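K.L.:
By numbering that gives the first Met the number 0, the letter at position 68 of the sequence shown is numbered 67, and the numbering carries on one by one without gaps. Glycine included, every Cβ here is placed at the ideal spot set by N, Cα and C. No experiment lies behind these values; they were computed from the predicted model shown. Before I ask anything, here is the structure I am working with.
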Amino acid sequence: MPDLSPRELELVALAREKCRVLYEGVRTPHRSCGIALAETFGLPTRPYQALRRGGVTGAGECGAIVAGRLVLGELLGDPDPTAPVTPALVDAMAEYEGLWRERVSRRDAPGSDVVCNTLTGQFVQFRSAERHGFCTDLATEVATCVAEVLARRGLLGEVAPIEGLTDDAADGGAR
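The following block contains the structure:
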């Protein structure tokens, strides 16, 4: 994989921080993991709501990881529904899958799957601060992976600021 330029590294850091702020929900209302990913990359968020808590039921794969795939599909996929998968998407997905598998921490989750209930079952309470911190870290790392994949293809543009935040410290300077 080619090294990223200083500007690309800056954009990756901005995307990472934007996703963290959106999911964490301290300086702005909390977004679900999928919505935080979509919003980070300037995509419509509505369909990503279905990824909340692993497909709403907890029985599906981690919404952040699935959202990463969908973001890449939206940005690198062929708009023609009858067309084959683009070579750019095949390449990007292979890189993304390798990156998140290498970087995402499962902490004490059993097994190897990324089903939401498996990942979050290690916490006594789903709504605990510890679980929220775990998922904040996970969504943030996924956003970083997606941003790097896009940057390597020259597709990571400016990161828009979070609407309603005026303090640079609050949005990580995400602009």
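To the nearest angstrom, report how far apart Ser-104 and Leu-137 are at their CA atoms.
P.N.:
For the purposes of this step, residue 104 is identified with residue 105 of the sequence shown, where counting begins at 1. For the purposes of this step, residue 137 is identified with residue 138 of the sequence shown, where counting begins at 1. Going from the Cα of Ser-104 to the Cα of Leu-137 covers about 7 Å.
K.L.:
For Asn-116, which of Val-55, Thr-39, Ser-31 has the nearest alpha-carbon?
P.N.:
On the sequence shown, position 117 is the one that residue 116 refers to. When each option's Cα is compared against that of Asn-116, the closest is Val-55.
K.L.:
Whole angstroms is fine: what's the gap from Ala-168's alpha carbon to Lys-17's?
P.N.:
Numbered from 1 along the sequence shown, position 169 holds the residue referred to as residue 168. Numbered from 1 along the sequence shown, position 18 holds the residue referred to as residue 17. Because the pLDDT at Ala-168 is just 49, under 50, the model does not fix this residue reliably, and the value given afterwards should be weighed accordingly. Distance between the alpha carbons of Ala-168 and Lys-17: 11 Å.
K.L.:
Please give me, in chain order, every unbroken run of the alpha helix (DSSP H) with length at least 4 that falls completely inside the region 48-130.
P.N.:
51-54, 62-75, 86-102, 115-119
K.L.:
Going by CA-CA distance only, name the one from Ala-87, Glu-147, Glu-162, Arg-152 that's closest to Glu-9.
P.N.:
In the sequence shown, counting from the first residue as 1, residue 9 sits at position 10. Closest option to Glu-9, Cα to Cα, is Glu-147.
K.L.:
Measuring alpha carbon to alpha carbon, tell me which residue in Phe-40, Gly-57, Val-25 is nearest Gly-72.
P.N.:
Stepping through the sequence shown from its first residue, residue 72 is reached at position 73. For Gly-72, the closest C-alpha among the options Phe-40, Gly-57, Val-25 is that of Phe-40.
K.L.:
Who are the Cβ neighbours of Arg-6 in its own chain at under 7 Å, not counting the five residues just before and after it?
P.N.:
As a working note, residue 6 is residue 7 in the sequence shown. So the list is empty, once near-sequence residues are dropped.
K.L.:
Please report the Cβ distance between Thr-143 and Arg-15, rounded to the nearest whole angstrom; I am assuming they are in contact, meaning their Cβ atoms lie under 8 Å.
P.N.:
If you number the sequence shown from 1, residue 143 lands on position 144. If you number the sequence shown from 1, residue 15 lands on position 16. That belief holds up - the Cβ atoms of Thr-143 and Arg-15 are roughly 5 Å apart, short of 8 Å.
K.L.:
Using the three-state DSSP reduction, which class does Ala-159 fall into: helix, strand or coil?
P.N.:
One-based indexing of the sequence shown puts residue 159 at position 160. In the structure shown, Ala-159 sits in coil (DSSP, three-state: anything other than H, G, I, E or B).
K.L.:
How big is the Cα-Cα spacing for Pro-109 and Cys-61?
P.N.:
Working through the sequence shown from its first residue, we reach residue 109 at position 110. Working through the sequence shown from its first residue, we reach residue 61 at position 62. Going from the Cα of Pro-109 to the Cα of Cys-61 covers about 14 Å.
K.L.:
Kindly indicate the opening and closing residues of the alpha helix (DSSP H) around Leu-21.
P.N.:
For the purposes of this step, residue 21 is taken as the residue at position 22 of the sequence shown. In the DSSP assignment, Leu-21 falls within the unbroken alpha helix (DSSP H) covering 5-23.
K.L.:
Would you mind sorting Arg-52 into buried or exposed? The rule is 16 or more other CB atoms within 10 Å of its CB.
P.N.:
Position 53 of the sequence shown, counted from the start, is the residue given in the question as residue 52. Residue burial annotation: Arg-52 is buried, with at least 16 other C-beta atoms found within 10 angstroms of its C-beta.
K.L.:
Taking all protein chains shown into account, do 16 or more other C-beta atoms lie within 10 angstroms of the C-beta of Arg-45, making it buried, or fewer, making it exposed?
P.N.:
By 1-based counting over the sequence shown, the position of residue 45 is 46. It counts as exposed.
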